[in-house]
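Student: Counting from 79, one number per residue, gives the positions in the sequence shown under full-length UniProt numbering.
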Amino acid sequence: RYARINVLAPGLSWGHVQRQLQQSGHVFWRPSLHEKRAAACVSAGLQPPEGNKIYYRDVHLPELLVFKPMGQSHTDGELFDEGGLVFQQKASAFPAIALAPPPGAQVIDACAAPGSKTSQLAAMMKNEGQIFAFDRDGRRLKTMIELLQRRHVSCVEACEKDFLQVSPKNAKYQHVTHFLLDPSCSSSGMTAQQLTGDEVATLTANQQKVIRHAMRFPACQRIAYSTCSILDKENELVVQKVLSTAEGARFQLERALPWWPRRGLPVFPGTECCVRSTWEDQTIGFFLALFVRNETACKPAA
Ligand code: SAM
């Protein structure tokens, strides 16, 4: 189980986190440099010693603390209640990290509720700049607003709206450079539930529309597209189709999270720029692609 240290919580320091966890019986494990180096090359990460109350920093994302699943009941405490530590799956932290908006950036989180990635973006931006967070589901948006308050987020303007109805010509969004797109998907990376072909087709149609719509915004430079699906139809094939459109022709893939070993399925040349994860990586099934406007793109590694 993963918990992100929320740097937006007032007065939070690493020492405070450690002390609080120690008080609830947790034991911090510090791997050797050799163990860290070896673990960084494999997606499964570190192999901690036995003990349910051991916790450690994730080797790929040190802002995440890793707890044994058995120990989770001991992590319901002040730190979590006050928003200092927030549960977030490792793979679900990938899109914001790949998008990397600097403090002061203008960002659109197009499919934002319940706000897990929105709050991570705000933390990366130190609450400086502006995140426009849309979701078409009012109930989920309400949950998000509450979650953002608990996590001390102050740079988000939340709006119940279908992102496809947000005009790229609206003066308000003329300086938005970073887009996080995490639309509805089959969730096949998290559940064994099977959707019908028609249901998946409806999802992939919306996924493609959302990406192409983001590409129409005049200042759009970077787009992180993600799903918690393991189906190539919702992942690499969506990316391939979008790149073949007029909007997509102005963008290319950048190698997302170059340090992560598991890459996109080889469905078309360039999918090695994309990131995948599975349960073998001690996280959920997940997919991430990073689109960058042509003139700002770095060439993918050969
Ligand atoms: N990013 C969220 C997080 O990290 O907590 C999870 C998003 S969830 C996978 C997908 C969300 O996308 C749903 O809340 C759904 O209502 C929303 N959604 C799907 N298509 C949308 C669209 N065209 N416009 C706005 N919201 C959309």
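Every residue gets a Cβ at the ideal spot worked out from N, C-alpha and C, and that includes glycine.
Keep in mind that this is a model prediction, so the values were computed, not measured.
Rounding to the nearest angstrom, what Cα-Cα distance links VAL120 and CYS352 in this structure?
Tutor: Between VAL120 and CYS352, the C-alpha separation is close to 16 Å.
Student: Going by DSSP, what residues sit across from CYS237 in a beta bridge?
Tutor: Beta-bridge pairing links CYS237 to PHE212.
Student: Taking the beta strand (DSSP E) that ILE301 falls in, what are its first and last residues?
Tutor: ILE301 -> beta strand (DSSP E) spans 300-305.
Student: Report buried or exposed for LYS250, applying the criterion of at least 16 other Cβ atoms within 10 angstroms of its Cβ.
Tutor: It is exposed - the Cβ of LYS250 has fewer than 16 other Cβ atoms within 10 Å.
Student: Could you tell me if the beta carbon of ASN284 falls within a distance shorter than 7 Å of some heavy atom in the ligand SAM?
Tutor: True, at least one ligand heavy atom lies under 7 Å from that Cβ.
Student: Please state whether DSSP places GLN98 in a helix, a strand or coil.
Tutor: Helix at GLN98.
Student: Could you tell me the boundaries of the beta strand (DSSP E) in which ARG333 lies?
Tutor: No beta strand (DSSP E) contains ARG333, which DSSP labels as neither H nor E.
Student: Can you look up GLN360 in the DSSP assignment and give me helix, strand or coil?
Tutor: DSSP places GLN360 in coil when its eight states are reduced to three.
Student: Am I right that ALA188 and PHE106 are in contact with their C-beta atoms under 8 Å? What's the rounded C-beta distance?
Tutor: That pair is no contact at about 38 Å.
Student: Would you say the beta carbon of LEU143 is closer than 7 Å to some non-hydrogen atom of the ligand SAM?
Tutor: False, no ligand heavy atom lies under 7 Å from that Cβ.
Student: What span of residues does the beta strand (DSSP E) with ARG82 cover, start to end?
Tutor: 80-83 is the span of the beta strand (DSSP E), which, as asked, contains ARG82.
Student: Run the proximity test for PRO109: is its beta-carbon closer than 7 Å to any non-hydrogen atom belonging to the ligand SAM?
Tutor: Because no heavy atom of the ligand SAM lies under 7 Å away, the Cβ of PRO109 does not count as near it: no.
Student: Residues in the same chain with beta-carbon distance under 7 Å from SER232, minus the five sequence neighbours each way, listed in chain order, please.
Tutor: Here the set comprises ASN205.
Student: Enumerate in chain order the residues of its own chain whose CB-to-CB distance from SER266 is below 6 Å, with the five nearest sequence positions on each side excluded.
Tutor: Result list for SER266: SER307, ILE308, LEU309, in chain order.
Student: Give every residue of the same chain whose Cβ lies closer than 7 Å to the Cβ of THR323, excluding the five residues on either side of it in the sequence, and list them in chain order.
Tutor: ARG290.
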